[in-house]
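Undergrad: Mind having a look at this structure? Questions to follow.
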Amino acid sequence: MEDIKYDEMLNELIFQEVMKNEAKKQCIYIFVEGECEELVFQPLLERCGIDFDTMGIVIANYNGVGNLKHAIRLLNQTLSHDRPIIVTYDDDHEGKKINKINTPSITYFKIPFSPVVCYSDGSLGGAFEESFPRDCFLEACFQNNVIATTFLSGRNEFEKSFNTNKPWFSQLAQFISLNGGRPNSINKIKLAENMMFTVSQTPETYKELAKVIIDIRNGNPIKHPEDIF
1 MEDIKYDEML NELIFQEVMK NEAKKQCIYI FVEGECEELV FQPLLERCGI
51 DFDTMGIVIA NYNGVGNLKH AIRLLNQTLS HDRPIIVTYD DDHEGKKINK
101 INTPSITYFK IPFSPVVCYS DGSLGGAFEE SFPRDCFLEA CFQNNVIATT
151 FLSGRNEFEK SFNTNKPWFS QLAQFISLNG GRPNSINKIK LAENMMFTVS
201 QTPETYKELA KVIIDIRNGN PIKHPEDIF
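First residue of the sequence shown? That's 1 in full-length UniProt numbering, and the numbers climb one at a time after it.
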């Protein structure tokens, strides 16, 4: 009896390992726009129950909307050309100009999921920063790993003038500039990391993205190698 149980356990472990390897081959790509997204998407999606190993999820950074078409073309020239792709993109001015490729293998998902800010042309949308709550963004900004320590004391001043309905990061950049600093000195990577650690509840955008991932995986189940014809 013990030998049978051992064999069953061993077979199950072997099966799991085989399926984990197949998950890598039969992966779903999540294309992200930059380093910030590349850093925080996986931890946030894991909070939503997405297991990257068993579900075969791979994050790929296409480094800006200008490179998206090139990144997709390169992928189409590899052995992964038939894999599903979820293209995430900022719902800002640049993101709204994306020439979407209409193919069943590509799903487009805007960041944030629901519009947050109003742009100067009257269009609604947002960017990565707006996918988090307002208070989380403000808390994450005023840390010495994001902006110079000389600006930290200006948090109250910034919060008083901060308009939730206008693009958030540009307001921070303007604040730094008006106070004699360089906007390009803002560490966007640390800002993203701070927001990820600061947020108490997973934002709606990542919950909705998790649903899309699950739906696509259900429609493209991982097959055992013996079942692939």
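Built from N, CA and C at the ideal position, the CB exists for glycine as well.
On a CA-only basis, which of 138, 83 and 211 is nearest residue 48? Give me that one, please.
TA: Checked all of 138, 83 and 211; the closest Cα to residue 48 is 211.
Undergrad: What ranges does the beta strand (DSSP E) occupy inside the UniProt domain "OLD protein-like TOPRIM" (30 to 92), keeping only unbroken runs of at least 3 residues that lie completely in it?
TA: Listed in chain order, the complete beta strand (DSSP E) runs (minimum 3 residues) inside the UniProt domain "OLD protein-like TOPRIM" (30 to 92) are 57 to 61 and 85 to 90.
Undergrad: Do the segment 182 to 192 and the segment 138 to 146 make contact, defined as three or more Cβ pairs closer than 8 Å?
TA: Touching, per the Cβ criterion.
Undergrad: Evaluate contact between the segment 157 to 177 and the segment 126 to 133, counting only Cβ atoms and requiring at least three cross-stretch pairs below 8 Å.
TA: Contact holds: three or more Cβ-Cβ distances are below 8 Å.
Undergrad: What is the DSSP secondary structure of residue 98, reduced to helix, strand or coil?
TA: In this structure, residue 98 counts as coil in the three-state DSSP scheme.
Undergrad: Kindly give me the distance between the Cβ atoms of residue 203 and residue 104, rounded to whole angstroms, as I take these residues to be in contact under 8 Å.
TA: At roughly 28 Å, the Cβ-Cβ gap does not stay under 8 Å, so residue 203 and residue 104 are not in contact.
Undergrad: Identify the continuous beta strand (DSSP E) that holds residue 132 and give its terminal residues.
TA: Neither: residue 132 is in no beta strand (DSSP E) and is coded neither H nor E.
Undergrad: Just to confirm the assignment, what range does the beta strand (DSSP E) spanning residue 109 have?
TA: Unbroken beta strand (DSSP E) run through residue 109: 106 to 111.
Undergrad: Out of 61, 218, 124 and 68, state which residue places its alpha-carbon closest to the alpha-carbon of residue 101.
TA: Measuring from the Cα of residue 101, the nearest candidate turns out to be 68.
Undergrad: Name the one or two DSSP bridge partners that residue 117 has.
TA: 125, per the DSSP bridge assignment.
Undergrad: Does the beta-carbon of residue 221 have 16 or more other beta-carbons within 10 angstroms, so that it is buried, or is it exposed?
TA: Exposed, by the Cβ-count rule.
Undergrad: So, at 7 Å on beta carbons, what are the nonlocal neighbours of residue 179 in its own chain, with the 5 sequence-adjacent residues on each side left out?
TA: Here the set comprises 151 and 154.
Undergrad: Hey, could you find the ends of the alpha helix (DSSP H) residue 218 is sitting in?
TA: Per DSSP, residue 218 belongs to the alpha helix (DSSP H) from 204 to 219.
Undergrad: Would you mind sorting residue 197 into buried or exposed? The rule is 16 or more other CB atoms within 10 Å of its CB.
TA: Classification of residue 197: exposed, given that the 10 Å Cβ count is below 16.
Undergrad: Give the secondary structure of residue 147 by DSSP, where H, G and I count as helix, E and B as strand, and everything else as coil.
TA: Residue 147 falls in the coil class under three-state DSSP.
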